[in-house]
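If you count by our numbering, then the sequence shown holds residues 580 to 676, one letter each, in order.
Heads up: the structure comes next, in structure tokens.
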Amino acid sequence: MEEAHSGVCGAHQSGPKLHFRIKRMGYYWPTMVKDCIDYAKRCQACQFHANLIHQPPEPLHPTVASWPFDAWVWMLWAYDKVLRRSLIHFGCNRLFL
580 MEEAHSGVCG AHQSGPKLHF RIKRMGYYWP TMVKDCIDYA KRCQACQFHA
630 NLIHQPPEPL HPTVASWPFD AWVWMLWAYD KVLRRSLIHF GCNRLFL
């Protein structure tokens, strides 16, 4: 297990990946998955380079639109400008929606 995890060709992979790698090598024992996960959790190099959470968690704040259809109004306004420009460009001066 040590050779597969941190040996010459080891990549310090997680427990499930370590299990798959050892199984692919042709080894198996009944508690293999649990042993691989525990081994990866105890690896000092993996713990040292693991992702750190630098900020404590805080509750999320919902964002609410000032007016429910505000985004639709802006979208229709932009669509109207683009459509007018393209219709006038091609010689038609009427707008159909």
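Glycine included, each C-beta is placed from N, C-alpha and C at the ideal position.
Computed from a predicted structure; not experimentally measured.
Our two residues, K596 and V643, have alpha carbons roughly 42 Å apart in a direct line.
Taken through DSSP and simplified to helix, strand or coil, C622 comes out as coil.
G586 and F599 have their C-alpha atoms some 16 Å from each other. The residue from D614, G605, S593 and A583 with its alpha-carbon nearest to that of C625 is S593. Inter-residue distance for W608 and G589 is about 20 Å (C-alpha atoms, whole angstroms). In the displayed model, G586 falls within coil according to three-state DSSP, outside both helix and strand.
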